[in-house]
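Colleague: Residue numbers (full-length UniProt numbering): 1 to 223.
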């Protein structure tokens with residue numbers, strides 16, 4: 001996709017990048033790529049070459065545990081940068097996770113060498129990225145606390161609401177992916193979805209969930 005450093009969308013989402021000079025943009029070989037929901041956006045082999053900025057949509061940061069199961073470590077929204085990418089890049093270590101699109105996303109890629117240099121040389125970029133890392137870590141703590149203390153059906157309702165909107169009620173996902181996100185077994189998610197369906201709150205099919213009564217799911221969250 002064609003890219004211009006003066007693109008208003010870029011500067012609206014990442015205003016800190018306005019400090020990068022045209023010659024530096026040219027050296028970074030930037031390009032924007034669109035990914036459909038559920039696509040792999042960023043893996044170890046990508047992190048060896050590129051840095052990336054999420055321009056639109058949402059994605060999940062995942063890692064694989066010793067048992068081979070995928071764990072959702074954190075969520076990433078437009079205007080944010082993956083914490084694992086930054087920390088692994090600055091420490092010279094391999095990128096340990098992967099980024100999976102939750103919705104359709106647009107991603108700006110630049111050469112890794114340029115990305116790391118900008119972080120180190122430009123205070124506005126450094127401040128924005130490390131501020132985002134702090135927010136991401138706090139969100140990660142909240143997610144861990146939810147998995148430990150929040151009732152399962154409340155966590156499931158929250159995940160469904162977060163991944164959909166009032167005018168976009170259809171979510172393309174599997175029971176296993178929902179289970180990975182909220183930290184439980186697929187069978188448990190299947191039973192809870194069936195209860196939601198019996199109540200008329202949702203409809204389900206192979207690989208999709210549609211929210212029919214959003215307000216009833218919101219009621220599950222309480223205060």
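All residues carry an ideal CB built from backbone N, CA and C; glycine is no exception.
On the DSSP letters alone, give me the boundaries of the beta strand (DSSP E) that residue 106 sits inside.
Modeller: Unbroken beta strand (DSSP E) run through residue 106: 105-111.
Colleague: Considering residue 203, what are the terminal residues of the beta strand (DSSP E) in which it resides?
Modeller: 202-205 is the span of the beta strand (DSSP E), which, as asked, contains residue 203.
Colleague: Between the stretch 106-126 and the stretch 24-36, are three or more C-beta pairs nearer than 8 Å?
Modeller: Segments in contact, yes.
Colleague: For residue 163 and residue 60, I'd like the C-alpha separation in whole angstroms.
Modeller: Using only the alpha carbons, I get a separation of about 11 Å.
Colleague: Between the stretch 77-89 and the stretch 191-207, do at least 3 Cβ pairs fall closer than 8 Å?
Modeller: Contact fails: fewer than three Cβ-Cβ distances are below 8 Å.
Colleague: Flag this pair as touching only if the stretch 162-180 and the stretch 205-222 have three or more C-beta atom pairs under 8 Å; answer yes or no.
Modeller: Segments in contact, yes.
Colleague: Tell me where the alpha helix (DSSP H) around residue 178 begins and ends.
Modeller: First-last of the alpha helix (DSSP H) with residue 178: 175-182.
Colleague: Between which two residues does the alpha helix (DSSP H) containing residue 23 stretch?
Modeller: That run of the alpha helix (DSSP H) goes 22-28.
Colleague: Would you mind giving the Cβ-Cβ distance between residue 207 and residue 172, rounded to the nearest angstrom? I have them listed as a contact below 8 Å.
Modeller: Yes, residue 207 and residue 172 are in contact; Cβ-Cβ is about 6 Å, under 8 Å.
Colleague: Just to confirm, are residue 95 and residue 44 a CB contact at a threshold of 7 Å?
Modeller: Yes, the pair counts as a contact, with Cβ atoms nearer than the cut-off.
Colleague: Please list, in chain order, all residues of the same chain as residue 154 whose beta carbon is under 7 Å from its beta carbon, the five residues on each side excluded.
Modeller: So the list reads 220, 221, once near-sequence residues are dropped.
Colleague: Could you pull out every residue in the same chain whose Cβ sits closer than 6 Å to the Cβ of residue 180, ignoring the five residues on either side in sequence?
Modeller: Within the same chain, residue 180 has close Cβ partners 70, 72.
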